[in-house]
Amino acid sequence: MITAASIIKNLPSAIRAACRKTTASLESSSPPACRFAFQRSVVKTLLVSFFALIFLFLLATQASAKTWYIKVDGTGDAPTIQAGIDSAAVGDTVLVGPGIYSDTLQIMIDNEPKVVNVHMYKNIKLVAEGNPLNTRIDGSNSDIAIYVENVDSTACIGGFNIRTQSWGVICLLPEDSSPAQEDWEPVGIRCRSSSLIITQNTFNDNFTGIELFKSSAKILGNEIINSGRGIWCRDSSEADIRQNRISEAVELIICWHSNATICDNDLFWGSEPSAFSCYGISCLQASPYISGNHIVGMVNAGIGCNGGNPVIEDNQLEWSFANIELQGTPFAVIRRNVVLEGTIGIDMLGVSGGVIENNTIIGSGIVAEVSYPLIRNNIVYKGTIWCFGSSLALECNNVFIPSRPITEICTVPIGTNGNISADPQFCGIEGSGNYYLQDDSPCAPGNHPDGYDCGLIGTFGVSCGIDPVTQKTWGIIKSLYEGTTL
26 MITAASIIKN
36 LPSAIRAACR
46 KTTASLESSS
56 PPACRFAFQR
66 SVVKTLLVSF
76 FALIFLFLLA
86 TQASAKTWYI
96 KVDGTGDAPT
106 IQAGIDSAAV
116 GDTVLVGPGI
126 YSDTLQIMID
136 NEPKVVNVHM
146 YKNIKLVAEG
156 NPLNTRIDGS
166 NSDIAIYVEN
176 VDSTACIGGF
186 NIRTQSWGVI
196 CLLPEDSSPA
206 QEDWEPVGIR
216 CRSSSLIITQ
226 NTFNDNFTGI
236 ELFKSSAKIL
246 GNEIINSGRG
256 IWCRDSSEAD
266 IRQNRISEAV
276 ELIICWHSNA
286 TICDNDLFWG
296 SEPSAFSCYG
306 ISCLQASPYI
316 SGNHIVGMVN
326 AGIGCNGGNP
336 VIEDNQLEWS
346 FANIELQGTP
356 FAVIRRNVVL
366 EGTIGIDMLG
376 VSGGVIENNT
386 IIGSGIVAEV
396 SYPLIRNNIV
406 YKGTIWCFGS
416 SLALECNNVF
426 IPSRPITEIC
436 TVPIGTNGNI
446 SADPQFCGIE
456 GSGNYYLQDD
466 SPCAPGNHPD
476 GYDCGLIGTF
486 GVSCGIDPVT
496 QKTWGIIKSL
506 YEGTTL
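Take the sequence shown: its position 344, counted from the start at 1, is 369 in the numbering used here, and no numbers get skipped.
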């Protein structure tokens, strides 16, 4: 049996330092705020401290708790991971050494026999030693690599590399035509009626990375690559999904009939030229809170919600066919998002209510078909707002296309209800990603050209003074000298 000191010795330095401190439990501390930030380096610095505290929680044990050390050659405190779990008492830690673990057992799940590598059914901590890439659960011959049931928030799984079988990505038809649940096996981790922590694992080549069924798990800081579904919340799973990095999947995060919190995740196309992803976040009859995510290059939609009442705020979405897509939502809130390029910025079909406000949309626009939300205080630059069978309330929007006059938005004349068409005067040059406003911007509070009290238009406030050198097109420069002999 190993000691707490030897555990700490084998951890990375940041985690070692945190393990020497006394802290309150995760449940009694305030969760990290879901915030949008362009300064990704600051976020990464904070993540080191955050996950050090998570691992402190994973490894902190009471004086009476025991650590079961598992070795790949079977010479540890128990011969296999499963034997360690079976032997452990509530509150114990099963610490798994480096190596590839492919042992299996058969258990009954929903009256069907399933082959799993690990069955976790106790409130214990199951953690890997050292680098997550060095300790692999090999589920190539399993239906489920790790099956978890009936554990609470004192249980956790951390630091593993989990693989089952390779998946080829194909963008599917709408959700109601997707394959049934069993067609999405094998699964990396499947949780039923559990609220554990799943943190700092890597998932490669799984039909589903993590599946939650009636579970309120915290899924923090994992990496998931090449999966049919990255994280799947279903059937009333009130999950907390934060700071994960997911790519190359049909749906990177999917919520069915579940009101999850989805914050500060990196969701993107893929690292290989042939890789692609279909949906960043996909929701069906769900009311999730979606904030602070960075979503890039989805074939179908960055965020797609069918039904439910989602809140979507403070995200950055780039280069998806539809960056945000809503269908049949009774009430949706979409605010303070930065939407860059793509075919459609925000696409709505049958949205009966809600508010679309203070978004900055660059290179695309808003499409409303048979939809009736309030659309106010948005900047739409190099795009416009289209309406088809919709009656929209439009207030204080700035829709501007350089060198192309905009006279109306969805039959509402420019100048009505505070809607304008003027250069927003961003601080950064085009393509810089800086969409803060100059202090003379018509979108800044108090600067409305028609005197309306609109407050801030767009996502970001004033951050720079007047640019003394204003960029001009060649046509504008020539017009300055018309009739002048040089």
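Glycine included, C-beta positions come from ideal geometry on N, C-alpha and C.
Straight-line Cα distance separating residue j from residue i
| i | j | result |
| --- | --- | --- |
| Y314 | G184 | 27 Å |
| D1 | V97 | Because the chain in this structure spans residues 26 to 511, residue 1 falls outside the shown range and cannot be described. |
| K514 | I132 | Lying outside 26 to 511, the shown extent of the chain, residue 514 is not represented and no answer is given. |
| Q64 | N136 | With a pLDDT of 39 at Q64, under the threshold of 50, the modelled position of that residue is not reliable, and the figure given next carries that caveat. Each residue's alpha carbon lies about 50 Å from the other. |
| S396 | E338 | 20 Å |
| D280 | W257 | As written in the sequence, residue 280 is Cys, which differs from the Asp given in the question. Each residue's alpha carbon lies about 6 Å from the other. |
| E455 | G388 | 11 Å |
| I223 | V437 | 50 Å |
| D230 | N331 | 28 Å |
| I287 | T354 | 18 Å |
| N383 | N362 | 7 Å |
| G218 | S240 | The sequence shown places Ser at residue 218, not Gly. Those two C-alpha atoms are separated by around 5 Å. |
| Y146 | N166 | 21 Å |
| P470 | C452 | 16 Å |
| K407 | D163 | 49 Å |
| S416 | R188 | 50 Å |
| T432 | Q450 | 20 Å |
| A418 | G476 | 20 Å |
| S262 | E350 | 22 Å |
| T524 | D128 | No information on residue 524 is available, as it lies outside the stretch 26 to 511 that the chain covers here. |
| S428 | P335 | 36 Å |
| C44 | L374 | Here C44 scores only 30 on pLDDT, less than 50, and its place in the model should not be relied on; the value that follows carries that caveat. Approximately 51 Å between the Cα atoms of the pair. |
| S282 | I306 | It is His, not Ser, that sits at residue 282 in the sequence shown. Roughly 14 Å separates the two Cα atoms. |
| N442 | S377 | 21 Å |
Contacts around residue i, its chain only, beta-carbon distance under 8 Å, and the 5 residues preceding and following it disregarded
| i | result |
| --- | --- |
| F346 | M323, V324, N325, A326, G367, T368 and I369 |
| P157 | G184, F185, N186, Q225, N226 and T227 |
| I110 | V119, V143, H144, M145, Y146, K147, I149 and L151 |
First through last residue of the beta strand (DSSP E) which encompasses residue i
| i | result |
| --- | --- |
| A153 | K150 to A153 |
| S272 | R270 to W281 |
| R267 | D265 to R267 |
| Q352 | A347 to Q352 |
| N423 | N423 to F425 |
| S302 | S302 to L309 |
| C468 | First-last for C468: undefined, no H or E at that position. |
| E137 | E137 to M145 |
| L293 | Inspection of the sequence shows that residue 293 is occupied by Phe rather than by Leu. That run of the beta strand (DSSP E) goes D291 to F293. |
| Y94 | T92 to I95 |
| I445 | It is not in any beta strand (DSSP E) - I445 carries neither H nor E in the DSSP assignment. |
| E236 | T227 to F238 |
| F413 | I410 to F413 |
| L342 | Q341 to E343 |
| D177 | Run containing D177: none; DSSP gives neither H nor E here. |
| C516 | This structure gives no information on residue 516, because the portion of the chain shown stretches from 26 to 511. |
| N403 | N403 -> no beta strand (DSSP E), and no H or E assigned at all. |
| A242 | Run containing A242: none; DSSP gives neither H nor E here. |
Cβ neighbours of residue i in the same chain (closer than 6 Å, five flanking residues each side left out)
| i | result |
| --- | --- |
| H473 | C479 |
| G124 | V97 |
| V392 | I369, D372 and W411 |
| G112 | A quick correction: the sequence has Ser, not Gly, at residue 112. The answer, listed in chain order, is A103. |
| L221 | V176, A180, C181 and A242 |
| N348 | G327, L342, V364, G367 and G370 |
| L237 | C216, C258, S262 and A264 |
Residue range of the unbroken alpha helix (DSSP H) whose run includes residue i
| i | result |
| --- | --- |
| I222 | Counting along the chain, I222 falls outside any alpha helix (DSSP H), though it belongs to the beta strand (DSSP E) covering I222 to T224. |
| Q131 | Per DSSP, Q131 belongs to no alpha helix (DSSP H); it is in the beta strand (DSSP E), L130 to I134. |
| G109 | I106 to S112 |
Own chain, CB closer than 7 Å to residue i, minus 5 neighbours either side, in chain order
| i | result |
| --- | --- |
| I491 | Q463, D464 and D465 |
| G333 | C308, Q310, A311, S312 and T354 |
| A447 | N423, F425, P467 and P474 |
| E154 | N35, L120, V121, G122, P123 and T160 |
| G414 | E394 and V395 |
| N284 | E263, A311, S312 and P313 |
| F301 | V194, W294, G295 and V324 |
Residue i beta carbon near the ligand NAP (any heavy atom closer than 7 Å)
| i | result |
| --- | --- |
| T179 | Among the ligands in the structure shown, none appear at all, so the ligand NAP cannot be discussed. |
Proximity of residue i and residue j at Cβ, strictly below 8 Å
| i | j | result |
| --- | --- | --- |
| E343 | C303 | no |
| Y460 | T385 | yes |
| N142 | Y126 | yes |
| G483 | I404 | yes |
| V152 | I214 | no |
| D289 | R267 | yes |
| G379 | A357 | yes |
| I169 | V212 | yes |
For the structure I just gave you, are there three or more beta carbon pairs, one from the region 232-250 and one from the region 262-272, closer than 8 Å? Short answer: they touch.
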